[in-house]
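Report on the structure given below.
Chains as they are written, first to last, in the numbering used here: chain A, 10 to 340; chain B, 364 to 627.
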């Protein structure tokens, strides 16, 4: 049984935010007398994450996902509560703790802009105290996993965003961390680059049993990588649990489009007792609860003359979109 | 602290920043020309000051050239290390890339103070040393062990004071976000270091000794060169340099508690 590697208990974070009124008058007033107020951006949250787990943090912009990640990796101090990551207090940033974690941010880069990525890899290797042979071995292994080769020797400024992101990943993983904090890692990447990155993360998690905490606005990242999600709404956790359960709860029914051989069959089906959404000639759309799909399909196929049928999943973006604006999920 | 690791990392810093700078050959060439012209201009300016009267604040032109030499070395060090690194702190904080520095298992002050170098500053350092050797000859300074060790101590202290002042201002970026202007003010104060402390009025001497110890940076090492140094002044410079260095370190650690990272 996997051990809990991240413990968060009653965690809160407040920031002092200054606000400014519009116009010249507001600007002058703001310059001489800045009005600041304390804003609680994370409100008393608690959760635990097991070793090897991939957890997605979901929430609207400004919900507090990135602030949580930054507190978990020790970049910012919590205002209240406690965090323990791999047995360390993150904000103390002890050397052994830092050797165990990595942070990858889709919108920020650590590679040296004017030099090929390979130079940044060797620099990071020396910071993590890896000898030349070990560094070379890891670069080779990771570049094979990430499917990058010639790009390693081209100045970063000349690489495409996808190539750059792969190189960023390699730079961030050269010390083989066992906890990865990923803040929108697929931001701005095209569909193929996104897919490759997800494939890599899955493989990395499988091979190293690394724990991954991920935020992303691309639902495909979440659905293909995370079994568990933590939904954050205005700094508080609105849901923490399995993604499947959340989706079932939010979308308890599926729509089935049935194409009957004749209009008479469609009428027969309409009057059979299913929840009918609409009917156009010999095509009828019915709603079936997720847990009775199999039995319903059996009944339809055995009793009606069917030409074709389609099961429509509701768009996941639409479902998750509902999560982002709702406060509580009682599941 | 693992010194071997820090040596290895510093070698990598040198290698990567030299490689990055050498990508832009024209830029290096312009920097080199600027360094030569700046030194010629400074000596010319100094000679104008000494044209009517052979002495300024009790210093002869040949003696004042020592201050210019020390200033040139320090300015070279500023351009080689302080300027490329410490101005970068502002960028790191504004853009939130300090996150990457703080998450590395290495001292963050070491990382942000030494990661980059600007090779064209080396020429300035070399020019400063040439000027100093020239001054040693024309002022007939006797090169002995005590002179060399005192010069080394006072010069090292000057570098520490200069670094600490600069680092202190850069650290305030964590609260104020933009501190370019403060750095520019510091740079313009440094120009004052080209002239002997005695050439200023009493109130300015106090200001440049107590509040912004620019005077210590060039005048005291120059006095060592001329055999005019007094032990209490050297001791005072060592004390001031140590206080500045320790305070800047403590201030950095304190400031990091307030680092909120840039929003994503």
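All residues carry an ideal CB built from backbone N, CA and C; glycine is no exception.
The structure presented is a predicted model; accordingly, all values stated were derived computationally and were not measured.
- Less than 9 Å separates the beta-carbon of residue 66 of chain A from that of residue 224 of chain A.
- Contact between residue 249 of chain A and residue 239 of chain A holds, with the beta-carbon distance rounding to 5 Å and staying under 8 Å.
- Chain-order list of chain B residues neighbouring residue 123 of chain A: 382, 383, 384, 386 and 387, by C-beta distance under 9 Å.
- Close to residue 394 of chain B, with beta-carbon spacing below 8 Å, lies no residue of chain A; the smallest spacing is near 16 Å.
- Between residue 506 of chain B and residue 499 of chain B, the CB-CB gap stays under 9 Å.
- DSSP places residue 394 of chain B inside the alpha helix (DSSP H), whose first and last residues are 388–412.
- For the pair residue 169 of chain A and residue 465 of chain B, the Cα-to-Cα distance works out to about 27 Å.
- Counting other Cβ atoms within 10 Å of its Cβ, residue 621 of chain B stays below 16 and is therefore classed as exposed.
- Per DSSP, residue 130 of chain A is one residue of the alpha helix (DSSP H) stretching across 126–136.
- The alpha-carbon separation between residue 237 of chain A and residue 462 of chain B amounts to approximately 27 Å.
- Using a CB distance cut-off of 9 Å, residue 534 of chain B does not count as an interface residue toward chain A.
- Closest in alpha carbon position to residue 593 of chain B, among B/407, B/605, B/517 and B/475, is B/517.
- About 7 Å separates the beta carbons of residue 234 of chain A and residue 211 of chain A, which is inside the 8 Å limit, making them a contact pair.
- For the C-beta of residue 79 of chain A, the chain B residues within less than 8 Å are, from N- to C-terminus, 462 and 624.
- Near chain A, meaning a CB-to-CB distance below 7 Å, no residue of the segment 475–506 of chain B qualifies.
- Listed by position along chain B, the residues whose Cβ is nearer than 8 Å to that of residue 240 of chain A form an empty set, because the closest Cβ is around 18 Å away.
- CA-CA distance, residue 49 of chain A to residue 478 of chain B, rounds to 36 Å.
- Excluding sequence positions up to five before and after residue 587 of chain B, its CB lies within less than 8 Å of the CB of 510, 513, 514, 517 and 597, all in the same chain and listed in chain order.
- DSSP, reduced to helix, strand and coil, places residue 69 of chain A outside both helices and strands of the structure shown, so it counts as coil.
- Taking residue 207 of chain A as the centre and dropping the five residues before and after it, the same chain places the C-beta of 195, 229, 230, 233 and 234 closer than 8 Å to its C-beta, in chain order.
- Pairing residue 263 of chain A with residue 289 of chain A gives a Cβ-Cβ distance that is not under 9 Å.
- With 16 or more other CB atoms across the displayed protein chains lying within 10 angstroms of its CB, residue 134 of chain A is buried.
- Residue 252 of chain A and residue 75 of chain A have their C-alpha atoms spaced approximately 20 Å apart.
- In the assembly as shown, residue 387 of chain B is an exposed residue. Its beta-carbon has fewer than 16 other beta-carbons within 10 Å.
- Here the C-alpha atom of residue 243 of chain A lies approximately 25 Å from the C-alpha atom of residue 31 of chain A.
- For residue 425 of chain B, no Cβ of chain A is located within less than 9 Å of the residue's own Cβ.
- Excluding five sequence positions before and after residue 313 of chain A, the CB atoms of its chain that fall closer than 6 Å to its own CB belong to 274 and 278, given in chain order.
- The alpha helix (DSSP H) runs of length 4 or more contained entirely in the segment 480–559 of chain B are, from start to end of the chain, 483–501, 508–534, 536–539 and 543–555.
- Residue 85 of chain A sits in coil when the DSSP states are folded into three classes, being neither helix nor strand.
- Following the DSSP letters along the chain, one finds residue 248 of chain A inside the beta strand (DSSP E) bounded by residues 245–251.
- A residue is called buried when at least 16 other Cβ atoms come within 10 angstroms of its Cβ; residue 538 of chain B does not meet this threshold and is exposed.
- In the three-state scheme derived from DSSP, where H, G and I count as helix and E and B as strand, residue 259 of chain A is classed as helix.
- Contacts with chain B at 9 Å (Cβ-Cβ) include residue 83 of chain A.
- In terms of beta-carbon proximity, residue 126 of chain A stays away from the interface with chain B, with every pair separated by 9 Å or more.
- Residue 130 of chain A and residue 106 of chain A have their C-alpha atoms some 20 Å from each other.
- Residue 296 of chain A sits exposed, since fewer than 16 C-beta atoms from the chains shown fall within 10 Å of its C-beta.
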